[in-house]
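Below is one structure, written out as C-alpha coordinates; comments come after it.
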Amino acid sequence: VWTLLNKKSTSHYPKLEAESGIQFHYAVGCLYVTPDGKDNYLKNLPNQANQFRLPYQFLENGVAINKAFPDYSFSDSAFGMLEQAPSGHINPLQLIQAQLHVFKKHNGDVYNDTVVKIDSVNNSYRIKTTEGRTFTSHQVLVTAGAFSNFFGLLPRPLDLELESETVLLAQVSSEEAERLSKLPSLLYEVETEKVEGIYLVQPVLYPDGAHYIKMGCNLNTDITFQNLEQIQSWFRHGDSESNISLLREALHSFMPKLDVLSYKTKKCIISRTKHKQCYIGPTERKNLFVAAGGNGYSAMCSDALGEIAAHFVLHENTPSDFSAQSFEPVVI
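For the sequence shown, this note's numbering begins at 24 and goes up steadily by one.
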(Lines of atoms letter the chains of each structure in order from A; the text may use other names.)
(Lines give C-alpha, C1' and ligand atoms only; values in the text may rest on other atoms or scores of the structure.)
Protein backbone atom coordinates (compact mmCIF):
# COMPACT_ATOMS: atom_id res chain seq x y z
CA VAL A 24 0.00 0.00 0.00
CA TRP A 25 2.78 2.45 0.93
CA THR A 26 4.55 1.78 -2.38
CA LEU A 27 1.41 2.56 -4.37
CA LEU A 28 0.76 5.67 -2.28
CA ASN A 29 4.29 6.95 -2.90
CA LYS A 30 4.15 6.14 -6.61
CA LYS A 31 0.84 7.98 -7.07
CA SER A 32 2.09 10.98 -5.10
CA THR A 33 5.36 11.31 -7.00
CA SER A 34 3.47 11.10 -10.29
CA HIS A 35 1.45 14.14 -9.15
CA TYR A 36 4.47 16.17 -8.02
CA PRO A 37 5.32 17.74 -11.42
CA LYS A 38 1.78 19.06 -11.85
CA LEU A 39 1.67 20.40 -8.28
CA GLU A 40 5.07 22.07 -8.67
CA ALA A 41 4.08 23.59 -12.03
CA GLU A 42 0.73 24.91 -10.80
CA SER A 43 2.14 26.34 -7.57
CA GLY A 44 5.49 27.51 -8.95
CA ILE A 45 7.16 25.93 -5.90
CA GLN A 46 9.73 23.14 -6.16
CA PHE A 47 9.64 20.69 -3.26
CA HIS A 48 10.66 17.34 -4.79
CA TYR A 49 14.29 16.40 -5.37
CA ALA A 50 14.66 13.11 -7.27
CA VAL A 51 18.13 12.13 -6.05
CA GLY A 52 17.22 8.48 -5.44
CA CYS A 53 16.96 6.51 -2.21
CA LEU A 54 19.46 4.07 -0.73
CA TYR A 55 18.05 1.29 1.47
CA VAL A 56 20.65 -0.47 3.62
CA THR A 57 20.48 -3.40 6.03
CA PRO A 58 23.41 -4.17 8.33
CA ASP A 59 23.41 -7.95 7.72
CA GLY A 60 22.24 -9.27 4.35
CA LYS A 61 18.76 -9.16 2.83
CA ASP A 62 15.76 -8.57 5.06
CA ASN A 63 12.20 -9.58 4.13
CA TYR A 64 11.63 -6.30 2.30
CA LEU A 65 14.62 -6.88 0.03
CA LYS A 66 13.70 -10.53 -0.52
CA ASN A 67 10.25 -9.46 -1.75
CA LEU A 68 11.50 -6.45 -3.69
CA PRO A 69 11.87 -8.03 -7.17
CA ASN A 70 8.19 -8.99 -7.26
CA GLN A 71 7.08 -5.62 -5.92
CA ALA A 72 9.37 -3.70 -8.27
CA ASN A 73 8.02 -5.66 -11.23
CA GLN A 74 4.43 -4.98 -10.14
CA PHE A 75 4.96 -1.24 -9.82
CA ARG A 76 7.65 -0.89 -12.51
CA LEU A 77 10.20 0.55 -10.11
CA PRO A 78 13.84 0.75 -11.21
CA TYR A 79 16.32 -0.50 -8.61
CA GLN A 80 19.85 -1.82 -8.21
CA PHE A 81 21.16 -4.24 -5.59
CA LEU A 82 24.50 -3.45 -3.94
CA GLU A 83 25.60 -6.85 -2.64
CA ASN A 84 27.82 -5.77 0.28
CA GLY A 85 29.30 -2.84 2.14
CA VAL A 86 32.23 -2.62 -0.26
CA ALA A 87 29.86 -2.09 -3.20
CA ILE A 88 27.81 0.47 -1.28
CA ASN A 89 30.84 2.45 -0.17
CA LYS A 90 32.33 2.37 -3.67
CA ALA A 91 29.13 3.74 -5.18
CA PHE A 92 28.71 6.36 -2.45
CA PRO A 93 32.05 7.16 -0.79
CA ASP A 94 30.44 9.55 1.70
CA TYR A 95 28.67 6.58 3.30
CA SER A 96 30.61 3.91 5.18
CA PHE A 97 28.98 0.57 5.96
CA SER A 98 30.40 -2.75 7.17
CA ASP A 99 31.17 -5.55 4.70
CA SER A 100 28.10 -7.49 5.87
CA ALA A 101 25.73 -4.68 4.81
CA PHE A 102 23.39 -5.09 1.85
CA GLY A 103 22.06 -2.17 -0.18
CA MET A 104 19.37 -1.33 -2.69
CA LEU A 105 19.38 1.87 -4.71
CA GLU A 106 16.03 3.07 -6.02
CA GLN A 107 16.46 5.61 -8.80
CA ALA A 108 14.36 8.69 -9.58
CA PRO A 109 11.64 9.64 -8.94
CA SER A 110 12.70 8.44 -5.48
CA GLY A 111 14.51 11.04 -3.42
CA HIS A 112 13.29 13.50 -0.85
CA ILE A 113 10.84 16.34 -0.40
CA ASN A 114 11.13 19.63 1.43
CA PRO A 115 8.05 19.36 3.67
CA LEU A 116 7.73 23.11 4.24
CA GLN A 117 7.79 23.77 0.50
CA LEU A 118 5.34 20.91 -0.11
CA ILE A 119 2.85 22.42 2.34
CA GLN A 120 3.29 25.84 0.72
CA ALA A 121 2.63 24.32 -2.71
CA GLN A 122 -0.45 22.44 -1.52
CA LEU A 123 -1.91 25.50 0.21
CA HIS A 124 -1.15 27.71 -2.78
CA VAL A 125 -3.06 25.42 -5.14
CA PHE A 126 -5.87 24.98 -2.59
CA LYS A 127 -6.37 28.73 -2.33
CA LYS A 128 -6.02 29.10 -6.09
CA HIS A 129 -9.07 26.86 -6.40
CA ASN A 130 -11.08 29.07 -4.00
CA GLY A 131 -10.20 27.25 -0.79
CA ASP A 132 -10.06 29.28 2.44
CA VAL A 133 -7.34 28.73 5.06
CA TYR A 134 -7.77 29.72 8.72
CA ASN A 135 -4.83 29.43 11.10
CA ASP A 136 -6.95 28.48 14.08
CA THR A 137 -7.63 25.49 16.34
CA VAL A 138 -10.92 23.60 16.25
CA VAL A 139 -12.04 22.72 19.77
CA LYS A 140 -15.60 21.53 19.22
CA ILE A 141 -17.71 19.83 16.55
CA ASP A 142 -21.47 19.66 17.23
CA SER A 143 -24.16 17.96 15.17
CA VAL A 144 -26.98 20.43 14.46
CA ASN A 145 -29.94 19.73 12.13
CA ASN A 146 -28.13 17.26 9.85
CA SER A 147 -25.11 19.56 9.66
CA TYR A 148 -22.08 20.27 11.81
CA ARG A 149 -21.18 23.38 13.75
CA ILE A 150 -17.42 23.81 14.19
CA LYS A 151 -16.04 26.14 16.88
CA THR A 152 -12.46 27.41 17.25
CA THR A 153 -10.30 28.88 19.98
CA GLU A 154 -10.49 32.33 18.35
CA GLY A 155 -14.28 32.32 18.45
CA ARG A 156 -14.97 31.46 14.83
CA THR A 157 -17.99 29.29 13.97
CA PHE A 158 -18.35 27.32 10.75
CA THR A 159 -21.26 25.23 9.53
CA SER A 160 -20.86 22.35 7.09
CA HIS A 161 -22.82 19.34 5.89
CA GLN A 162 -19.63 17.25 5.73
CA VAL A 163 -16.51 17.37 7.91
CA LEU A 164 -13.12 15.69 7.50
CA VAL A 165 -11.01 15.69 10.69
CA THR A 166 -7.28 15.60 9.89
CA ALA A 167 -5.77 16.53 13.25
CA GLY A 168 -2.94 14.00 13.22
CA ALA A 169 -1.58 13.22 16.68
CA PHE A 170 -4.21 15.53 18.18
CA SER A 171 -7.20 13.68 16.69
CA ASN A 172 -8.31 12.22 20.03
CA PHE A 173 -8.36 15.51 21.90
CA PHE A 174 -11.11 18.14 22.31
CA GLY A 175 -13.80 15.51 21.63
CA LEU A 176 -13.63 16.04 17.86
CA LEU A 177 -14.51 12.39 17.15
CA PRO A 178 -17.38 10.33 18.60
CA ARG A 179 -14.89 7.66 19.76
CA PRO A 180 -11.11 7.92 20.14
CA LEU A 181 -8.89 6.27 17.55
CA ASP A 182 -6.52 3.47 18.49
CA LEU A 183 -3.33 5.52 18.12
CA GLU A 184 0.05 5.19 19.79
CA LEU A 185 1.63 8.63 20.11
CA GLU A 186 5.39 8.72 20.39
CA SER A 187 8.03 11.43 20.52
CA GLU A 188 10.78 11.64 17.94
CA THR A 189 13.94 13.71 18.07
CA VAL A 190 15.29 14.91 14.72
CA LEU A 191 18.97 15.82 14.42
CA LEU A 192 19.91 18.78 12.23
CA ALA A 193 23.62 18.75 11.43
CA GLN A 194 24.71 22.09 9.99
CA VAL A 195 27.24 21.99 7.16
CA SER A 196 28.88 24.69 5.06
CA SER A 197 27.50 25.67 1.67
CA GLU A 198 30.56 24.02 0.12
CA GLU A 199 29.85 20.76 1.95
CA ALA A 200 26.19 20.99 0.95
CA GLU A 201 27.17 21.37 -2.70
CA ARG A 202 29.58 18.44 -2.45
CA LEU A 203 26.77 16.25 -1.09
CA SER A 204 24.09 17.51 -3.49
CA LYS A 205 23.95 14.17 -5.37
CA LEU A 206 23.76 12.06 -2.21
CA PRO A 207 20.68 9.81 -2.22
CA SER A 208 18.33 9.77 0.73
CA LEU A 209 19.07 6.95 3.16
CA LEU A 210 16.95 4.37 4.94
CA TYR A 211 19.25 2.39 7.25
CA GLU A 212 17.51 -0.54 8.96
CA VAL A 213 19.94 -0.70 11.86
CA GLU A 214 18.73 -1.90 15.26
CA THR A 215 20.75 -1.56 18.46
CA GLU A 216 19.81 -1.20 22.13
CA LYS A 217 19.56 2.58 21.69
CA VAL A 218 18.88 3.30 18.00
CA GLU A 219 16.48 1.82 15.46
CA GLY A 220 15.55 2.63 11.87
CA ILE A 221 17.58 5.63 10.68
CA TYR A 222 16.52 7.94 7.85
CA LEU A 223 18.70 10.73 6.46
CA VAL A 224 18.23 13.49 3.89
CA GLN A 225 21.06 15.31 2.10
CA PRO A 226 21.79 18.95 3.10
CA VAL A 227 18.83 21.26 2.56
CA LEU A 228 18.73 25.06 2.78
CA TYR A 229 16.53 26.09 5.73
CA PRO A 230 14.74 29.43 6.30
CA ASP A 231 17.56 30.60 8.62
CA GLY A 232 19.95 30.55 5.65
CA ALA A 233 21.92 27.52 6.84
CA HIS A 234 22.27 24.06 5.29
CA TYR A 235 21.36 21.07 7.45
CA ILE A 236 21.50 17.33 7.03
CA LYS A 237 18.35 15.91 8.61
CA MET A 238 18.47 12.57 10.41
CA GLY A 239 15.83 10.83 12.48
CA CYS A 240 15.31 7.44 14.10
CA ASN A 241 13.67 5.66 16.99
CA LEU A 242 15.53 6.01 20.29
CA ASN A 243 15.28 4.10 23.55
CA THR A 244 14.56 7.48 25.18
CA ASP A 245 11.43 8.14 23.09
CA ILE A 246 8.32 8.97 25.10
CA THR A 247 4.89 7.36 24.67
CA PHE A 248 2.23 10.00 25.33
CA GLN A 249 -1.02 9.31 27.18
CA ASN A 250 -2.63 12.75 27.12
CA LEU A 251 -2.51 16.25 25.63
CA GLU A 252 -0.65 17.72 28.59
CA GLN A 253 2.29 15.36 28.07
CA ILE A 254 2.50 16.31 24.40
CA GLN A 255 2.39 20.02 25.20
CA SER A 256 5.11 19.56 27.81
CA TRP A 257 7.31 17.73 25.28
CA PHE A 258 7.06 20.48 22.67
CA ARG A 259 7.42 23.32 25.17
CA HIS A 260 9.98 21.96 27.61
CA GLY A 261 11.16 18.55 26.36
CA ASP A 262 14.92 17.99 26.56
CA SER A 263 15.55 16.83 23.00
CA GLU A 264 19.06 18.29 23.18
CA SER A 265 20.03 15.48 25.56
CA ASN A 266 19.78 13.12 22.58
CA ILE A 267 22.37 14.99 20.50
CA SER A 268 25.31 12.86 21.64
CA LEU A 269 23.57 9.60 20.75
CA LEU A 270 22.29 10.91 17.41
CA ARG A 271 25.66 12.41 16.51
CA GLU A 272 27.37 9.09 17.23
CA ALA A 273 24.84 7.27 15.04
CA LEU A 274 25.32 9.77 12.19
CA HIS A 275 29.09 9.54 12.14
CA SER A 276 29.03 5.73 12.38
CA PHE A 277 28.09 5.64 8.68
CA MET A 278 29.27 9.13 7.61
CA PRO A 279 32.67 9.42 9.33
CA LYS A 280 34.03 11.98 6.84
CA LEU A 281 31.13 14.41 7.25
CA ASP A 282 32.31 17.92 8.17
CA VAL A 283 29.71 19.34 10.59
CA LEU A 284 29.69 22.91 11.90
CA SER A 285 27.09 22.44 14.64
CA TYR A 286 24.24 20.23 15.83
CA LYS A 287 20.74 20.97 17.03
CA THR A 288 17.49 19.07 17.40
CA LYS A 289 13.83 19.45 16.51
CA LYS A 290 10.95 17.82 18.36
CA CYS A 291 8.42 15.73 16.46
CA ILE A 292 5.57 13.37 17.23
CA ILE A 293 4.58 10.19 15.40
CA SER A 294 1.10 8.64 15.33
CA ARG A 295 1.17 4.86 14.96
CA THR A 296 -2.00 3.01 13.96
CA LYS A 297 -3.16 -0.47 14.91
CA HIS A 298 -2.78 -1.96 11.40
CA LYS A 299 0.25 0.17 10.38
CA GLN A 300 -1.69 1.92 7.58
CA CYS A 301 -3.30 5.35 7.80
CA TYR A 302 -6.82 5.61 9.17
CA ILE A 303 -9.07 7.08 6.46
CA GLY A 304 -12.81 6.62 6.52
CA PRO A 305 -16.15 7.33 8.21
CA THR A 306 -16.90 7.71 11.90
CA GLU A 307 -20.06 6.69 13.74
CA ARG A 308 -21.60 10.04 12.82
CA LYS A 309 -22.98 10.43 9.32
CA ASN A 310 -20.89 12.74 7.10
CA LEU A 311 -18.12 13.03 9.70
CA PHE A 312 -14.90 11.50 8.36
CA VAL A 313 -11.36 11.12 9.67
CA ALA A 314 -7.85 10.83 8.22
CA ALA A 315 -5.05 10.27 10.75
CA GLY A 316 -2.06 8.13 11.68
CA GLY A 317 0.94 8.65 9.41
CA ASN A 318 3.14 6.00 11.10
CA GLY A 319 6.18 8.16 10.31
CA TYR A 320 5.84 7.59 6.54
CA SER A 321 3.07 9.88 5.33
CA ALA A 322 4.80 13.15 4.36
CA MET A 323 6.11 11.78 1.06
CA CYS A 324 2.70 10.38 0.08
CA SER A 325 0.45 13.05 1.62
CA ASP A 326 -0.88 14.03 -1.81
CA ALA A 327 -2.27 10.53 -2.47
CA LEU A 328 -3.58 10.23 1.10
CA GLY A 329 -5.42 13.53 0.67
CA GLU A 330 -6.92 12.27 -2.58
CA ILE A 331 -8.20 9.13 -0.85
CA ALA A 332 -9.69 11.16 2.01
CA ALA A 333 -11.39 13.57 -0.39
CA HIS A 334 -12.75 10.65 -2.42
CA PHE A 335 -14.18 9.15 0.78
CA VAL A 336 -15.96 12.38 1.66
CA LEU A 337 -17.44 12.70 -1.84
CA HIS A 338 -18.20 9.05 -2.59
CA GLU A 339 -18.01 7.26 0.80
CA ASN A 340 -15.38 4.88 -0.54
CA THR A 341 -11.76 4.77 -1.67
CA PRO A 342 -10.63 5.17 -5.29
CA SER A 343 -10.78 1.89 -7.23
CA ASP A 344 -7.06 1.13 -6.92
CA PHE A 345 -7.24 1.01 -3.11
CA SER A 346 -9.25 -1.05 -0.63
CA ALA A 347 -11.27 0.73 2.06
CA GLN A 348 -10.36 -2.09 4.43
CA SER A 349 -6.67 -1.13 4.22
CA PHE A 350 -7.44 2.26 5.80
CA GLU A 351 -10.33 1.33 8.10
CA PRO A 352 -10.21 3.47 11.27
CA VAL A 353 -9.80 1.43 14.46
CA VAL A 354 -11.42 2.94 17.54
CA ILE A 355 -10.94 2.23 21.23
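Here a beta-carbon is modelled for each residue, glycine too, at the ideal position from N, C-alpha and C.
Being a predicted model, the structure only gives us computed values, none of them experimental.
Assigned with DSSP and collapsed to three states, Asp-326 falls in helix. Within the same chain, Cβ atoms closer than 7 Å to the Cβ of Thr-152 are found at Asp-136, Thr-137, Val-138, Val-139, the five residues on either side in sequence being excluded.
Gln-249 and Leu-185 have their C-alpha atoms some 8 Å from each other. Cβ-Cβ separation between Ile-45 and Gln-120: approximately 5 Å, consistent with a contact (criterion under 8 Å). Partner residues in the beta bridge of His-48, as assigned by DSSP, are Ile-113. In terms of CA proximity to Ile-141, Phe-174 leads the group Phe-174, Phe-126, Asn-130. Apart from the 5 residues on each side of it in sequence, Leu-284 sits with its Cβ closer than 7 Å to the Cβ of Gln-194, Val-195, Ser-196 in its chain, given in chain order.
Minimum Cα-Cα distance from Cys-291 among the listed residues Ala-273, Val-133, Met-238, Arg-308 corresponds to Met-238. Ranked by how close their Cα comes to the Cα of Lys-299, the residues Asp-182, Glu-252, Pro-226 have Asp-182 in first place.
According to the DSSP assignment, His-234 belongs to the beta strand (DSSP E) that extends over 234-242. Residue state for Leu-203 is assigned as coil, using DSSP reduced to three classes.
Boundaries of the alpha helix (DSSP H) harbouring Gly-85: 85-91, taken from the DSSP string.
Gly-103 is bridged by DSSP to Val-56, Leu-82. Within the region 162-215, the beta strand (DSSP E) runs of at least 3 residues that lie entirely inside it are, in chain order, 163-165, 183-195, 208-214. In this chain, the alpha helix (DSSP H) harbouring Pro-69 covers 63-75. Excluding the 5 residues flanking it on each side, Leu-68 has same chain C-beta neighbours closer than 8 Å at Tyr-79, Met-104, in chain order.
DSSP places Gln-225 in the uninterrupted beta strand (DSSP E) bounded by 218-228. If you draw a 10 Å sphere on the C-beta of Gly-317, you find 16 or more other C-beta atoms in it, and that means buried. For Leu-311, there is no enclosing alpha helix (DSSP H); the enclosing beta strand (DSSP E) covers residues 311-315. The alpha-carbon of Thr-288 is positioned some 28 Å away from that of Thr-33. Taking all protein chains shown into account, Gln-225 has 16 or more neighbouring C-beta atoms within 10 Å of its C-beta and is therefore buried. Gly-220 is classed as exposed because its beta carbon has fewer than 16 other beta carbons within 10 Å across all chains shown. Secondary structure of Lys-38 (DSSP, three-state): helix. Apart from sequence neighbours up to five positions away, the residues of its chain that approach Arg-308 with a beta-carbon distance below 7 Å are Ser-143, Pro-178, ordered along the chain. Rounded to the nearest whole angstrom, the C-alpha separation of Val-86 and Asn-243 is 30 Å. Closest in C-alpha terms to Ser-160, from the list Asn-145, Glu-154, Leu-274, comes Asn-145. Here Thr-247 is exposed, its C-beta having fewer than 16 other C-beta atoms within 10 Å.
Only buried fits Tyr-211, as 16 or more other CB atoms lie within 10 angstroms of its CB. Annotation: the continuous beta strand (DSSP E) that includes Ile-303 extends over 302-305. One alpha carbon belongs to Leu-192, the other to Tyr-286, and they sit about 6 Å apart. Across the structure, Glu-272 and Asn-241 are spaced so that their CA atoms are roughly 14 Å apart. Comparing alpha-carbon positions, the option among Lys-90, Asp-94, Phe-47, Asn-84 lying closest to Ser-276 turns out to be Asp-94. Sequence-distant Cβ neighbours of Tyr-36 in its own chain, meaning closer than 6 Å and more than five residues away, are His-48.
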